[in-house]
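Okay, structure first, notes after.
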Amino acid sequence: MSRTAERSGTATPAGGAGSPPPGRPGGAGLDRILARETTSSRAAASVIAAVLVIGLCGYALLETAVRAVGQPPWLIDPQTAAERITALPAGVPPLLLGAAGAVVFVAGLFFFLNAVLPGRRARHVLANPRAAVVVDDEVIASALARRARLAANVTQEQVMVVVSRREVQVNVRPTSGVPLQAADIQAAVEDELRDMAPSPLPVVRVNLASAGVIGA
Amino acid sequence: MNGTPRILNRILLGILGAKLLLIGALLVLLATVPAVGRWWQGWSADLWGGLRGLFDRTRIPGQPVSWLWMVMVVLLLLVIGLMVAWLAQQGKGRANLLVAEDDAGPVTGNVRIGGGVAEQALRAALADRPDLAGATVATYEFEGEPALRIRIQPRQGVAPHTLAAELTALVEALDAVVGKRTPVLLHLGSGARSRFRRAERVR
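Chains A and B, in that order, give the protein sequences. Per the numbering used here, the first sequence starts with residue 175, numbered consecutively. Per the numbering used here, the second sequence starts with residue 16, numbered consecutively.
As structure tokens, then:
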């Protein structure tokens, strides 16, 4: 099994607006499908947020309902809770208060970044006359790794390909004593990539390891 | 291509995140800066005093409890209901019918083709291919009309563009059978099955 790996493209600079795929007869519907498929829907974070809010509201509901019918509170009376909150730096150890604040802050940061960041998935779009085609970067990486392996005439374990949004990195560890030409591998991988024509088209970079592999 | 409300997700997540950020920052400041503590005690005491006056003025006649508690119960129930509704929106959009149209012929009535037709046909066509580790086909409703989502897990090293071209031919054959061009999403993905199973057969 070749060491193909994928990396999300969020770290690449000059992201710009997610370039829509080239024009196709399928029309705007397919373009919208592609736009949705290449970005995250934020469903997981939304589920976490909704469950969190439901839990908090459920507890508040319990205490409020208990208070409304005049029964003794379960954990803390809402009125006492409000009084404690107004007196806040007093009554709670500052370390505990600071730690709780930090936890809440980090949780808020998680949700806020989920809302604001573009959330691109590690996928590329292929042009197709009939269907909207999206390919995981991992699949592209394994296809390119196969091509690079054949061009370099090495075993699967000696090739590792990392595909990100705008760059394909091909790492090859040559067999000891067998010289390799980086340009040949580069040409082969670029040829395969040109046939594939993923959008956006990444740039190929070939790294030959200085240390060889013995007995491969 | 499912009907997850993405803009709504982002808006609600943004609101919740901003609130939590503010609360967290306030707690940290309260714990570290004494001046913020003094300001907070004065400001929140005023607010709480006003609220308490409101609770005192809204007592149910003859009882020591304010009816504002009832209002709060209703409001909390409303928020919980809205959150459940939001949860129910995630990942919705599965459809059952691939085609539901009025037939132009002399016989009155509709023609309905279930999504299972496309799903079974494509799955049967893909079942024996050695270069695929798995294939799932599902019918979704996209912007009011049915669409097909074909998710393929190719084995390691399969060239995605040739695979996509072959699958396109299958989809076009399906178009001819069904008599209608449904929007199709073809997703060539990687999963645990394609990653951990033997890859020698395609290499």
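Each residue gets a CB set at the ideal place from its N, CA and C atoms; glycine is no exception. Given the structure is predicted, the values throughout are model-derived calculations rather than measurements.
Say whether chain A places a C-beta atom closer than 8 angstroms to the C-beta of B/Gly32. Here residue 32 of chain B refers to the residue found at position 17 of the second sequence. For B/Gly32, the answer is yes, since a Cβ of chain A falls inside 8 angstroms of its Cβ.
For A/Leu235, would you say it is in contact with chain B, using Cβ-to-Cβ distances shorter than 8 angstroms as the test? For the purposes of this step, residue 235 of chain A is taken as the residue at position 61 of the first sequence. Any Cβ of chain B closer than 8 angstroms to the Cβ of A/Leu235 would place that residue at the interface, and such an atom is present.
Taking its Cβ as the centre, do 16 or more other Cβ atoms sit within 10 Å of A/Arg258, making it buried, or is it exposed? To locate residue 258 of chain A, count along the first sequence from 1; it is residue 84. So A/Arg258 ends up on the exposed side.
Using a cut-off of 9 angstroms between C-beta atoms, extract the partners of B/Thr183 located in chain A. Taking the first residue of the second sequence as 1, we reach residue 183 of chain B at position 168. When 9 angstroms is used as the limit between beta carbons, B/Thr183 is near these residues of chain A: Asn302, Pro303, Arg304, Ala305, Val307, in chain order.
Mind listing, in chain order, the continuous alpha helix (DSSP H) runs of no fewer than 4 residues lying wholly within the segment 112 to 166 of chain B? As far as the segment 112 to 166 of chain B is concerned, its whole alpha helix (DSSP H) runs of at least 4 residues are 130 to 141.
Proximal chain B residues relative to A/Glu211, where beta-carbon distance stays under 8 angstroms: Within the first sequence, the letter at position 37 stands for residue 211 of chain A. By Cβ distance, chain B contributes Met16, Leu200, His202.
Going along chain B, which residues have a C-beta under 8 angstroms from A/Met334? Taking the first sequence and counting its residues from 1, one reaches residue 334 of chain A at position 160. What A/Met334 touches in chain B: nothing, since even the nearest Cβ is about 13 angstroms away.
Just by C-beta distance, which residues in the segment 251 to 263 of chain A are closer than 9 angstroms to chain B? The segment 251 to 263 of chain A vs chain B, Cβ under 9 angstroms: Pro252, Gln253, Ala256, Glu257, Ile259, Thr260, Ala261, Leu262, Pro263.
Assigned secondary structure, A/Asp205 (DSSP; H/G/I helix, E/B strand, else coil): The residue you call residue 205 of chain A lines up with position 31 of the first sequence. Under the three-state reduction of DSSP output, A/Asp205 falls in the helix class.
Taking Cβ positions only, does B/Gln56 come closer than 8 angstroms to chain A? On the second sequence, position 41 is the one that residue 56 of chain B refers to. For B/Gln56, the answer is yes, since a Cβ of chain A falls inside 8 angstroms of its Cβ.
In chain B, which residues lie less than 8 angstroms from A/Ile207 when you measure between Cβ atoms? Taking the first residue of the first sequence as 1, we reach residue 207 of chain A at position 33. Chain B residues near A/Ile207: Met16, Phe157, Ala162, Pro198, Leu200.
Using a cut-off of 8 angstroms between C-beta atoms, extract the partners of B/Thr154 located in chain A. The count along the second sequence starts at 1 and reaches residue 154 of chain B at position 139. The contact set of B/Thr154 on chain A, defined by CB atoms closer than 8 angstroms, is empty, because the minimum CB distance reaches about 14 angstroms.
Write down every uninterrupted run of the alpha helix (DSSP H) in the segment 279 to 353 of chain A whose length is 4 residues or greater and which is fully enclosed by it, in chain order. Within the segment 279 to 353 of chain A, the complete alpha helix (DSSP H) runs of at least 4 residues are 311 to 326.
Measure how close the beta-carbons of B/Ile167 and B/Leu189 come, nearest whole angstrom, since I'm counting them as under 8 angstroms. Within the second sequence, residue 167 of chain B is the residue found at index 152, counting from 1. Within the second sequence, residue 189 of chain B is the residue found at index 174, counting from 1. B/Ile167 to B/Leu189, Cβ: 15 angstroms. No contact.
Return the Cβ separation of A/Val290 and B/Gly39 in integer angstroms, given the expectation that the two are a contact with Cβ distance under 8 angstroms. Counted from its first residue, the first sequence places residue 290 of chain A at position 116. Counted from its first residue, the second sequence places residue 39 of chain B at position 24. In fact, because the Cβ distance is near 17 angstroms, the residues do not count as touching under 8 angstroms.
Under a Cβ-count criterion, where at least 16 other Cβ atoms within 10 Å of its own Cβ denotes burial, should A/Ile388 be classed as buried or exposed? Indexing the first sequence from 1 puts residue 388 of chain A at position 214. Classification for A/Ile388: exposed.
Measuring only from the beta carbon, is A/Ala361 closer than 7 angstroms to any heavy atom that is part of the ligand MG? By its list of ligands, the structure shown contains no ligand whatsoever, and the ligand MG lies outside what it can speak to.
Look at the Cβ atom of B/Met16, then the Cβ atom of B/Ala162, and state whether they are nearer than 8 angstroms. The residue given as residue 16 of chain B occupies position 1 in the second sequence. The residue given as residue 162 of chain B occupies position 147 in the second sequence. For B/Met16 and B/Ala162, yes; Cβs fall inside 8 angstroms.
Any Cβ of chain B within less than 8 angstroms of the Cβ of A/Asp310? Residue mapping note: residue 310 of chain A aligns to position 136 of the first sequence, counting from 1. Under the 8 angstroms criterion on CB atoms, A/Asp310 is classed as interfacial with respect to chain B.
Could you check where the beta strand (DSSP E) with B/Val199 kicks off and where it finishes? As a position in the second sequence, residue 199 of chain B is number 184, starting the count at 1. Note, B/Val199: beta strand (DSSP E), 199 to 203.
Who are A/Ser220's beta bridge partners in DSSP? Here residue 220 of chain A refers to the residue found at position 46 of the first sequence. In the DSSP assignment, no residue is bridged to A/Ser220.
Out of B/Pro20, B/Asn24, B/Gly18, state which residue places its alpha-carbon closest to the alpha-carbon of A/Phe286. In the first sequence, the residue the question calls residue 286 of chain A occupies position 112. The shortest C-alpha separation from A/Phe286 is found at B/Asn24.
I want to see whether chain A comes within less than 8 angstroms of B/Asn111, judged by CB atoms only; does it? As a first step, residue 111 of chain B is located in the second sequence; it is residue number 96 there, counting from the start. Any Cβ of chain A closer than 8 angstroms to the Cβ of B/Asn111 would place that residue at the interface, and such an atom is absent.
Inter-residue spacing [alpha-carbon to alpha-carbon] between A/Pro196 and A/Ala301: As a working note, residue 196 of chain A is residue 22 in the first sequence. As a working note, residue 301 of chain A is residue 127 in the first sequence. Low confidence applies here, because A/Pro196 scores a pLDDT of 42, under 50, leaving its location unreliable; read the following figure in that light. So the two alpha carbons sit approximately 7 angstroms from each other.
Decide if B/Ile95 is buried, meaning its Cβ has at least 16 other Cβ atoms within 10 Å, or exposed. Taking the first residue of the second sequence as position 1, residue 95 of chain B is located at position 80. Buried, because 16 or more other Cβ atoms sit within 10 Å of the Cβ of B/Ile95.
Can you find a C-beta in chain A that's less than 8 angstroms from the C-beta of B/Thr73? Residue mapping note: residue 73 of chain B aligns to position 58 of the second sequence, counting from 1. No, B/Thr73 does not count as interfacial toward chain A.
Just verifying my parser: in three-state terms, what is the DSSP assignment at B/Gln56? For the purposes of this step, residue 56 of chain B is identified with residue 41 of the second sequence, where counting begins at 1. Helix.
Take every Cβ of the segment 205 to 220 of chain A, pair it with every Cβ of the segment 67 to 82 of chain B, and state whether three or more of those distances are shorter than 8 angstroms. At 8 angstroms Cβ cutoff, the stretches do not touch.
Residues near B/Val221 by beta carbon distance below 7 angstroms, same chain, minus five either side: The requested residue 221 of chain B does not occur in the structure, where chain B is confined to residues 16 to 218.
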